[in-house]
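Residue numbers (the numbering used here), protein chains in the order written: chain A, 2 to 235; chain B, 2 to 235; chain C, 25 to 247; chain D, 25 to 247. Report on one structure; see the data block that follows.
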Amino acid sequence: MTSQSHEPLNREQMAWRAAQDLKEGDYVNLGIGIPTLAASYVPPGREVIFHSENGILGMGPKPEPGKEDPYMVDAGKNLTTLVAGGCFVHHADAFLMIRGGHLDVSLLGAFEVSASGDLANWTTEDPAFPPGVGGAMDLAVGARAIRVIMEHTSKKGEPRILKACTYPLTAANCVKRIYTNLAVIDVTPKGLVVLEMIPGMTLEKLQALTEPPLQLAPDWKVLAPPVAPKARAA
Amino acid sequence: MTSQSHEPLNREQMAWRAAQDLKEGDYVNLGIGIPTLAASYVPPGREVIFHSENGILGMGPKPEPGKEDPYMVDAGKNLTTLVAGGCFVHHADAFLMIRGGHLDVSLLGAFEVSASGDLANWTTEDPAFPPGVGGAMDLAVGARAIRVIMEHTSKKGEPRILKACTYPLTAANCVKRIYTNLAVIDVTPKGLVVLEMIPGMTLEKLQALTEPPLQLAPDWKVLAPPVAPKARAA
Amino acid sequence: MIDKQVKTTADAVAGVRDGSTVLVAGFGAVGVPDILLDALHEQGARELTIVANNSGNGDYGLARLISSGRVAKVICSFPRSGDYSAFLHAYRAKSLELELLPQGTISERMRCHAAGLGGFFSPVSAGTKLGEGKETREIDGRLHVFEKPLKGDVALIKANKADRWGNLSYIKSARNFNPVMAMAADLTVVEVDQMVELGEMNPETIVTPSIFVDRVVVVGGKA
Amino acid sequence: MIDKQVKTTADAVAGVRDGSTVLVAGFGAVGVPDILLDALHEQGARELTIVANNSGNGDYGLARLISSGRVAKVICSFPRSGDYSAFLHAYRAKSLELELLPQGTISERMRCHAAGLGGFFSPVSAGTKLGEGKETREIDGRLHVFEKPLKGDVALIKANKADRWGNLSYIKSARNFNPVMAMAADLTVVEVDQMVELGEMNPETIVTPSIFVDRVVVVGGKA
């Protein structure tokens, strides 16, 4: 193991950790925000195929400077690329893939997740702004595995893993795994099971930051990403 | 008018007559049997685009000898061709076109048609053979205009235009126009209106071969196709 | 001879009536029929219902229609994209109505209409705020909501190439909503970069078959 | 490295269980996975439900499966096509069940499953003998029947080209049911004429994206 900090993970480290669970041959949709970063941290030599809701299967990394193509955008409307073997489909087919269970993994951001895997990630009901749902609800019901990346607590330090979500739901009982800046937690029929914690973290400390009860997996591991994860070459 | 016989129309003449009503730019599906022949009799210079349920839009005539392509079949599984501007779609898209009202005309064969436009063309309920429906029910509900080509009477001379169909329905209230070997008849909210009759035919004689009451259109015409309609060059 | 090409963008949007439902393709700024949207602004139709993924950007295209008060309602999945100030202003002023739909539900409802179907059950939004008021049904142990077909009076489409029959092809991710919206309207109007001869497009690779297209206008752009 | 190509047709159909629902593509004799059907015959699975447009021809492929008593049920639109004597014999002997569906309903029900939906209302067959026993609903003044999603345990597909990810292209009208069936099964197995390098297929013109494909076997044929 390389030198480790006891600090909570940063965004890149959270994305790196989630990327390690993507398997060779997986078809994966990455939500806007931290999930998008995960594409860069898939281990070298492992082929993972990324889906973009606007109609790309086989999305590649950001374009190199000077090679930008205005006809290539991702779900976040950022410029992107296509890998060899990728293709284009129309919007209804892109969402057929999402809703129909064809994706192996949907990696999403979240405001809150409940003990039973309820997901809230589409609206905070701010009355000053119109709500926007995008593909969040589609992504939350369709993939074979729904996984979430999020900070363990709010900016005020309040738990975001709750007995019941306080924000409107995106979908019920859908989240299977949560990657936070402190831990990796599985949502199981028997409750939340902690698989990994950062160095120095204890179940007691983690529980204090988490509303529903946590169990520690007997074979739990230290969550120790590289200090500065190396992004894959384009 | 060229020389005319007072005989009932033959298959080619019925197909010729139906073809005259296909307009420039119409998208048309031709049912198996006599309707298929209509493609050959579209007036020269008029562009009509033919649809085949297996996934061809822009189907052309039969291939010339020596130019057969085993990958090009029509709904009747006969060899066919593609015209310039034609394309291929998958089966669900081919039937989206049918069911979704995208075709201007569906020209079908029939066993029976009722006074209200009910169509029976898929089964005679022969217990010795399995029933087959193919695309008949889809074609009977979807096109903007459903038209039928059929012999006016059965082989025994019984009417096939009936008050109510005796065979199981393909769809109710769908047929708008009937081309027979004796007449052209529109199905209207006010009943069956005879638009054309072959030379020598009278409304009385036609009525005797037709179960529901017929009206003669004030501007009815003589139904007089060429003796041997000239097929369009491939 | 069939020729769906019209000469001007004004011809392309002629006849759009007040109160029409207009399907506007595109995702973000890609594959959006901006020139037709400007032509529609000139044309002057009012009280429009717009179906789109986003709610317009900057001061052109859909945003301009909104700023000019032509839009009564927007059906979209994500209004908050880019500089959506025109929409935001109208939304806060309550001068337009927003109907928010899950993104995949928008395209699936349009395909449903295109396919001549009467509606479908979807698990998306079942049990959520966006599913409230919709008929629900448990199917195979899973809650579904009933979704109705969504039809456009007009679809505004952006494609790359067209021929005189109206066959269309697109460039990369500019395909997005275009093929679905092209199928789902009574009148489908397309702005294209270029016309090609009939038969020049590969019949295996035409994305939108001509049957769905009514009018084509060349607006230049990428050759 | 992802490589969905398997070496033999036996590998391609390995693991198909008794009682499986098998989607068999093709229309007439075109685009039919005849070699995979023969391999499935060798493999020996029994009590199969076959979903296909027709019911097999001559003494090979689907007809051979039927003659050998492997087929418990056929879901199709038109069994009476070509030399369907194998089916006819079994039908008359009541050794298999026939479920007749309108042709478009077959592909739409498979697409419905592929799209993760719970069913749809269709006007096709409403008020007819084939609509009997189905839930009906009047929508916009028109009678509809409720149709459920139709899922395959296995789909047998015939394509022209594939790459190692499983992207597929077809030749002309041999496309037919193949792309829809490829989307609608738990296990999608493809016989292809040839493999090409990854990246060799035009990304604009791949008809079946790799996500729907599990196994590919080369059986030669048209280059």
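We put the CB at the ideal spot given by N, CA and C, even for glycine. None of the values given here were measured: they were computed from a predicted structure.
{"Check": "Own chain, CB closer than 6 Å to F112 of chain B, minus 5 neighbours either side, in chain order", "Outcome": "A121, N122, Y168"}
{"Check": "C-beta neighbour in chain D for R178 of chain A, strict 7 Å", "Outcome": "no"}
{"Check": "Beta strand (DSSP E) runs wholly inside the region 5 to 43 of chain B, at least 3 long, in chain order", "Outcome": "28 to 31"}
{"Check": "Chain-ordered residues of the region 143 to 171 of chain A with a beta carbon less than 9 Å from chain C", "Outcome": "G143, P169, L170, T171"}
{"Check": "Distance CB(K153 of chain D)-CB(F170 of chain D) smaller than 7 Å", "Outcome": "no"}
{"Check": "Beta-carbon neighbours of F236 of chain C, restricted to chain B and to distances below 8 Å", "Outcome": "H103"}
{"Check": "Euclidean distance between Cα positions of F130 of chain A and P190 of chain A", "Outcome": "37 Å"}
{"Check": "Closer than 7 Å to chain C by CB, H91 of chain A", "Outcome": "yes"}
{"Check": "One or two residues paired with H168 of chain C in a DSSP bridge", "Outcome": "C:R161"}
{"Check": "Proximity below 7 Å, CB of L61 of chain C to CB of A209 of chain C", "Outcome": "no"}
{"Check": "Length-filtered (3 minimum) beta strand (DSSP E) runs lying within the region 100 to 167 of chain C", "Outcome": "121 to 124, 143 to 146, 160 to 163"}
{"Check": "Counted within 10 angstroms of its Cβ, other Cβ atoms place P57 of chain C as buried (16 or more) or exposed", "Outcome": "buried"}
{"Check": "Nonlocal neighbours in the same chain, by C-beta distance under 7 Å from A218 of chain A, ignoring five residues either side", "Outcome": "V194, V195, L196"}
{"Check": "Closest residue to P44 of chain B among B:I57, B:L97, B:K24 (Cα-Cα distance)", "Outcome": "B:K24"}
{"Check": "Contacts that A139 of chain D makes with chain C (C-beta to C-beta distance below 8 Å)", "Outcome": "E132"}
{"Check": "Chain D contacts from the region 16 to 49 of chain A (Cβ-Cβ distance under 7 Å)", "Outcome": "E25, G26, Y28, E48"}
{"Check": "Close Cβ partners of Y180 of chain A (< 6 Å) along its chain, the five nearest in sequence each way excluded", "Outcome": "M15, R18, A19, I150"}
{"Check": "Where L222 of chain D meets chain A, residues with beta-carbon distance less than 7 Å", "Outcome": "A85, G86"}
{"Check": "Residue environment, V37 of chain C, which counts as buried when at least 16 other CB atoms sit within 10 Å", "Outcome": "buried"}
{"Check": "Nonlocal neighbours in the same chain, by C-beta distance under 6 Å from E215 of chain C, ignoring five residues either side", "Outcome": "P57, I59, L60, K182, V241, V243"}
{"Check": "Amino acids of chain C, ordered along the chain, whose beta-carbon sits closer than 7 Å to that of E54 of chain A", "Outcome": "Q127"}
{"Check": "Of the residues B:A146, B:I147, B:L183, the one placed nearest R161 of chain B, counting alpha carbons only", "Outcome": "B:L183"}
{"Check": "Check: I35 of chain B C-beta below 6 Å from any heavy atom of the ligand MN", "Outcome": "Only the bare structure without any ligand can be found here, which leaves the ligand MN out of the picture."}
{"Check": "Contact the region 94 to 107 of chain D vs the region 71 to 82 of chain D: 3+ CB pairs below 8 Å", "Outcome": "yes"}
{"Check": "Alpha carbon of A141 of chain B to alpha carbon of R116 of chain C, nearest angstrom", "Outcome": "49 Å"}
{"Check": "L210 of chain A at chain D interface by Cβ criterion, 7 Å", "Outcome": "no"}
{"Check": "CB of L83 of chain A within 7 Å of CB of G61 of chain A, strictly", "Outcome": "yes"}
{"Check": "Distance, G143 of chain C Cα to A49 of chain C Cα", "Outcome": "22 Å"}
{"Check": "Span of the beta strand (DSSP E), counted from its first residue to its last, around N184 of chain C", "Outcome": "176 to 186"}
{"Check": "Residues that H272 of chain B bridges to, as DSSP identifies them", "Outcome": "Shown here, chain B extends from 2 to 235; a query on residue 272 of chain B therefore has no answer."}
{"Check": "Cutoff 7 Å: R100 of chain A Cβ touching any chain D Cβ", "Outcome": "yes"}
{"Check": "Residue-chain proximity (S91 of chain C, chain A), Cβ-Cβ < 7 Å", "Outcome": "no"}
{"Check": "Inter-residue spacing [alpha-carbon to alpha-carbon] between Y108 of chain D and L120 of chain D", "Outcome": "14 Å"}
{"Check": "V213 of chain D versus D:N200, D:D177, D:V148, residue with shortest Cα-Cα distance", "Outcome": "D:D177"}
{"Check": "T37 of chain B burial status per 10 Å Cβ neighbour count (16 or more: buried)", "Outcome": "buried"}
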